[in-house]
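**Q**
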Amino acid sequence: MRRQLIAGNWKMNCLSASARELASSLAEKVSNGGPGACDWAVCPPSALLPIVAEALGGSVIALGAQDCHAEMSGAHTGDTSAELLKDLGCRYVIVGHSERRADDGESDNEVKAKAEAALKASLTPIICVGETREQRDGGTALQVVEGQLHGSLPDSDEIVVAYEPVWAIGTGLTATPSDVAEVHSVIHKLLCELRGVEAAKQINILYGGSVKPGNAAELLAVPHVGGALVGGASLNADDFFAIGVNAAKRD
Ligand code: PEP
Numbered sequence: 468m469r470r471q472l473i474a475g476n477w478k479m480n481c482l483s484a485s486a487r488e489l490a491s492s493l494a495e496k497v498s499n500g501g502p503g504a505c506d507w508a509v510c511p512p513s514a515l516l517p518i519v520a521e522a523l524g525g526s527v528i529a530l531g532a533q534d535c536h537a538e539m540s541g542a543h544t545g546d547t548s549a550e551l552l553k554d555l556g557c558r559y560v561i562v563g564h565s566e567r568r569a570d571d572g573e574s575d576n577e578v579k580a581k582a583e584a585a586l587k588a589s590l591t592p593i594i595c596v597g598e599t600r601e602q603r604d605g606g607t608a609l610q611v612v613e614g615q616l617h618g619s620l621p622d623s624d625e626i627v628v629a630y631e632p633v634w635a636i637g638t639g640l641t642a643t644p645s646d647v648a649e650v651h652s653v654i655h656k657l658l659c660e661l662r663g664v665e666a667a668k669q670i671n672i673l674y675g676g677s678v679k680p681g682n683a684a685e686l687l688a689v690p691h692v693g694g695a696l697v698g699g700a701s702l703n704a705d706d707f708f709a710i711g712v713n714a715a716k717r718d
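If you number the sequence shown the way my numbering does, the last residue is 718 and the count never jumps.
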C-alpha cells in the first residue's frame with residue numbers, strides 16, 4: 468500500500484479570511500510535525516483555490532477541488548473545468564461526492580466523464596461511492612458500491628477511490644471497522660480484477676464519514692484503508708492534523 472492520503476473536503480464553508488487562516492495554520496502544523504508518513508490534501512470551494520494555494524505556499528499539502536465539468540471549456544455557466552483547476556495549482560479533484568449525486572442528480576456516467584476530464588488535465592480524481600442507510604439496512608451495500616464503481620471508474624490507475632457511506636457523512640455516525648474492512652476489501656478486489664493486482668495495490672481507497680481525531684486510529688488501521696476523506700473535522704486545523712498523525716503512526 469502506498470502512503471495513506473488524508474484529504475479535507477471543506478464543502479461550501481469558509482470565506483477568504485478564514486480559508487487563508489485555516490490553510491496557513493495547517494501548513495505550519497504539517498511543517499512543524501516533520502514530513503510525516505502520510506500525504507495531505509485540502510479541497511476548498513473553487514472560488515477560494517487561489518487564496519488557499521497562496522496560503523499553502525511551499526507546503527507539502529496538495530490542493531484539490533470538489534468538482535469539475537466533464538468538458539474542458541464551453542457554454543457551461545457556473546461550472547469549472549479540470550484544466551482551470553490544474554492551472555490554479557490543483558493536484559486532486561473530488562468527483563461523485565454523494566452530496567452532488569443527491570443534490571445535482573449526478574449519475575455514474577457523469578461521474579466517470581468528470582473523472583476522465585480530470586485525468587486529461589493531469590489531475591487525480593478522488594471518486595466517491597457509498598450506500599444510503601436504506602441500502603445498508605436492505606443488505607445491498609456491497610452491490611450498490613460495486614455497481615457505482617463499475618459505472619464511475621475511468622480506464623486508469625491514476626485514481627483515488629473514496630468509500631463514503633452516505634448515512635455516515637456529517638452525522639457523527641461511522642461505519643464499524645468490520646463493515647469498513649468488508650467494503651474496502653470488495654473495492655480492492657474489484658480494482659485487482661479491473662486494473663491488475665500490482666496497479667490496485669497503488670490505488671488509495673479512502674474511508675469517509677464522520678472521521679474525527681477520536682476514531683481515526685481505528686479506521687485508518689483497517690486493512691485496505693488508504694487514508695481518509697474528512698469533511699467537518701477538516702475545518703479545524705488541530706483536528707485535521709490529529710487525524711493525519713494517526714495515519715503516520717500506522718505507516
Ligand atoms: C465528506 O463530506 O466527504 C465527509 C466525509 O464529511 P464528514 O467527515 O463531515 O462526515
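Here a beta-carbon is modelled for each residue, glycine too, at the ideal position from N, C-alpha and C.
Quick one: does the C-beta of A700 sit closer than 7 Å to a heavy atom of the ligand PEP?
**A** Working through the sequence shown from its first residue, we reach residue 700 at position 233. Within the cutoff, so yes.
**Q** Of all the beta strand (DSSP E) runs that stay within the bounds of the stretch 530-616, which reach a length of 3 or more residues?
**A** Listed in chain order, they are 557-562 and 591-596.
**Q** Across the stretch 668-680 and the stretch 688-696, are there enough close Cβ pairs to call them in contact, namely three or more that are closer than 8 Å?
**A** Counting Cβ pairs under 8 Å, three or more are found: they touch.
**Q** If D472 and C510 are in contact, beta carbons under 8 Å, what's the gap, nearest whole angstrom?
**A** For the purposes of this step, residue 472 is identified with residue 5 of the sequence shown, where counting begins at 1. For the purposes of this step, residue 510 is identified with residue 43 of the sequence shown, where counting begins at 1. The amino acid at residue 472 is misidentified as Asp; the sequence shows Leu. The pair is not a contact, with the Cβ atoms about 12 Å apart (cut-off 8 Å).
**Q** Measuring only the C-alpha atoms, how far is N682 from L552?
**A** By one-based count along the sequence shown, residue 682 stands at place 215. By one-based count along the sequence shown, residue 552 stands at place 85. If you take the alpha carbons of N682 and L552, they lie about 32 Å apart.
**Q** My assumption, with CB atoms under 8 Å, is that A582 sits in contact with G531. Please give the rounded CB distance.
**A** Along the sequence shown, read from residue 1 onward, the residue named residue 582 stands at position 115. Along the sequence shown, read from residue 1 onward, the residue named residue 531 stands at position 64. At roughly 13 Å, the Cβ-Cβ gap does not stay under 8 Å, so A582 and G531 are not in contact.
**Q** Give the straight-line distance between the Cα atoms of D624 and L696, rounded to the nearest whole angstrom.
**A** Within the sequence shown, residue 624 is the residue found at index 157, counting from 1. Within the sequence shown, residue 696 is the residue found at index 229, counting from 1. Straight-line Cα distance between these residues: approximately 19 Å.
**Q** Could you pull out every residue in the same chain whose Cβ sits closer than 6 Å to the Cβ of E685, ignoring the five residues on either side in sequence?
**A** As a working note, residue 685 is residue 218 in the sequence shown. Answer for E685: P644, listed in chain order.
**Q** May I ask you to report which of helix, strand or coil DSSP gives C659?
**A** The residue given as residue 659 occupies position 192 in the sequence shown. Helix, per DSSP.
**Q** Which word fits S701, buried or exposed, when buried means at least 16 other C-beta atoms lie within 10 angstroms of its C-beta?
**A** For the purposes of this step, residue 701 is taken as the residue at position 234 of the sequence shown. Flag for S701 reads buried.
**Q** From the beta carbon of V611, is the nearest beta carbon of chain D less than 8 Å away?
**A** No chain D appears in this structure, which consists of one protein chain only.
**Q** With a CB to CB cut of under 7 Å and the five nearest residues on each side skipped, what residues in its chain are close to L640?
**A** The count along the sequence shown starts at 1 and reaches residue 640 at position 173. If we look at L640 and ignore the five residues flanking it on each side, its Cβ neighbours are W634 and S677.
**Q** Could you pull the start and end residues of the beta strand (DSSP E) that G681 belongs to?
**A** Here residue 681 is taken as the residue at index 214 of the sequence shown, counted from 1. Where G681 is concerned, there is no enclosing beta strand (DSSP E), although the alpha helix (DSSP H) it sits in stretches over P680 to L687.
**Q** Going by CA-CA distance only, name the one from E538, D534 and G637 that's closest to G563.
**A** Position 96 of the sequence shown, counted from the first residue, corresponds to residue 563. Answer by Cα proximity: D534.
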